[in-house]
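If you want the working numbering, it's the 1-based position in the sequence shown plus 94.
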Amino acid sequence: MYPTIIDFGHVGNFGPIGIHSYGLMLATAFITSTFVIQHELKRRGFVSDVAGTIAIAAAAGGIVGAKIYAALLDGEFTLEELFSTSGLVWYGGFIGGCLGVYIVVHLSPNPTLATIDIIGPTLLLGYGIGRIGCLLAGDGDYGPPSDLPWAMAFPNGTVPTDVPVHPTPIYETLVSFTFFGILWSQRRKLEDIPGVLFGASLILLGVERFFMEFWRTTPRVWGWMTGAQLFSIVAFIVGIVLIFWARSRPPIEAAAAVVETEVEPTKQASPPRKRRRRR
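Structure follows, in structure tokens:
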């Protein structure tokens, strides 16, 4: 594959500099998700300028979260590691990104739950785009050896292999895009119950990652399950709890209807006053 698209070589004291396929696709994922979020914020009449801040918070929180999680696994953490391109553990980045985004959304003038619902489907969109970067980089996210017609080898990858293997990033991209399409097509039906769309996004994200781990060579940490599978179970449960909690609250339309029925009788109970004739 192509882990480095353009290599500028050593530049001064900065060391080797280049445009890497994984970083490029990660940037593409953030930019694409930002445009989608901005479009939806405008459509729903919310402040759309916050979309860029959301993307920055997601990127910064994701990098810091991934680095901290990797440091906890390795038992060491340095400032040099914080600015390196290694150690980007996905679920650590997901937690850090979610925290950063929540802070920004909570401080914005937009309603928190409704805005998070808009962000939810873009998790799957961005994840699918990011997996294209994993495929191009050949970073070891591929699966076990396979003799299927579409099996691929990664002799020039970041984690090279000459043996044809399952191109798991392709599977993940296709499934993520499919799930995004389902959520995107149903978003208007679900937006009257804030929290449901984000909960559904967590469920589908958990389902996708849980089953895709069977086609990856990730080390098992608890029985037959990987760390990502354990995290996926947590995401699945949180998504279900969020949906049940959101559905227990009165929907927007129902609340508006209650307000109208309370206001209308008051209007009808006070007939217009008759004017006195001047004599």
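Note that the Cβ used here is the ideal one computed from N, Cα and C, for glycine as well.
Excluding the 5 residues flanking it on each side, S142 has same chain C-beta neighbours closer than 6 angstroms at Q132, L135, K136, in chain order. In the structure shown, I287 falls within a coil segment according to DSSP collapsed to helix, strand and coil. Counting along the chain, V315 sits inside the beta strand (DSSP E) bounded by residues 314-316.
The three-state secondary structure of P258, taken from DSSP, is strand. Approximately 7 angstroms separates the beta-carbon atoms of P215 and R281; this is inside 8 angstroms, confirming the contact.
In this structure, the straight-line span from the alpha carbon of W309 to that of Y236 is close to 8 angstroms. Within the model, the alpha-carbon separation for I276 versus T147 is close to 26 angstroms.
Taking the Cβ atoms as the reference, S295 lies roughly 6 angstroms from L218, within the contact range of under 8 angstroms.
Counting the other CB atoms within 10 Å of its CB gives V290 a total of 16 or more, which places it among the buried residues. Note: M306 is not bridge-paired with any residue in the DSSP secondary-structure output. Here DSSP, grouped into helix, strand and coil, assigns F140 to coil. C-alpha of V257 to C-alpha of T209: approximately 45 angstroms in a straight line. In the structure shown, T320 falls within a strand segment according to DSSP collapsed to helix, strand and coil.
By the C-beta density criterion, N250 is exposed, having fewer than 16 other C-beta atoms within 10 angstroms. At least 8 angstroms separates the beta-carbon of T128 from that of A154. Here G227 is not near L336, since their CB atoms are 8 angstroms or more apart. Scanning T122, L324, V253, G190 for the CA closest to the CA of Y96 turns up V253. Short of 7 angstroms from the beta carbon of T262, and not among the five residues preceding or following it, lie these beta carbons of its own chain, in chain order: D235, Y236, G237, M306, W309, R310. Under a 10 Å Cβ-count criterion, G317 is classified as exposed, with fewer than 16 other Cβ atoms of the shown protein chains found around its own Cβ. Here G220 really is in contact with F124; their C-beta atoms are around 7 angstroms apart, less than 8 angstroms. L201 and P313 have their alpha carbons spaced roughly 39 angstroms apart.
Less than 8 angstroms divides the Cβ of I223 from the Cβ of T122.
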